[in-house]
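Contents: one structure, followed by commentary.
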Amino acid sequence: MVHAIRPTGVESLLGEEELIVSKTDLKGRITYANDVFIRMAKYSYAELMGAPHSLIRHPDMPRCVFKLLWDTLGAGQEIFAYVVNLAKDGSHYWVFAHVTPTIDEVGKVVGYHSNRRKPDLAQIERIKPIYKTLCAEEARHANAKDGMRASFEIMVGLLKQQGVGYDEFVLSL
Ligand SMILES: Cc1cc2nc3c(=O)[nH]c(=O)nc-3n(C[C@H](O)[C@H](O)[C@H](O)COP(=O)(O)O)c2cc1C
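Oh and the sequence shown: position 60 is 96 in my numbering, straight run, nothing missing.
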């Protein structure tokens, strides 16, 4: 999704005890947002409902992280990830997200659920150069899919080097 909103570089911080909560349908369209989400993203509840979650996508987020997120959710698993989000006024906020499939009473995946809390700021300083490398790789390719494939490989290589899965990697940073 192409954004008209330009990042201002102004950062908002989540409170220590705060949780941003959202739920989506199977396509990633928002079906629920809590008050903290509304405050941080600076959209109204009405603007958020039914909108794709990419509404708050920040250009500094590598596409390959979202591929991993969707691949993991598609496999019925949960994922932890550091994400920087873009608010409606161009400000941004970092979160540590825990995204899970929502399962109905017969075990069918009916949507997804994300809880985010304030990340450790030292961990964010470690993740920033990694995301920068991945975004630079993605930008180097004229074709977006090729770029994502290349950055995904770099990410997988980084994980192999550390001998860990993505979750363990983000949790060990
Ligand atoms: C439950 C759930 C929560 C999500 N939360 C975010 C989020 O906070 N920020 C974000 O940029 N993408 C989030 N995504 C991923 C988006 O759906 C989308 O894949 C991503 O923004 C990349 O969009 P694009 O492929 O249009 O660039 C979430 C997806 C799900 C299923």
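All C-beta atoms in this analysis are idealised placements derived from N, C-alpha and C, irrespective of residue type, glycine included.
Taking non-hydrogen atoms of ligand 1 into account, the C-beta of residue 105 is found less than 7 Å away from one of them. For the options 182, 161, 154, the alpha carbon positioned closest to that of residue 55 is the one of 154. Looking at the DSSP output, residue 130 shares a beta bridge with 120. The three-state secondary structure of residue 172, taken from DSSP, is helix. In this chain, the beta strand (DSSP E) harbouring residue 150 covers 145 to 153. Looking at the DSSP output, residue 69 shares a beta bridge with 58. Two segments are said to touch when three or more pairs of C-beta atoms, one from each, lie closer than 8 Å; by this definition the region 61 to 73 touches the region 83 to 100. Annotation for residue 203: the continuous alpha helix (DSSP H) segment containing it runs 202 to 208.
Within the chosen limit of 7 Å, ligand 1 reaches the beta carbon of residue 64 through at least one heavy atom. Residue 44 carries a coil assignment under DSSP once its states are collapsed to helix, strand and coil.
Between residue 166 and residue 196, the alpha-carbon positions lie close to 14 Å from each other. Straight through space, the alpha carbons of residue 198 and residue 92 are spaced by roughly 30 Å.
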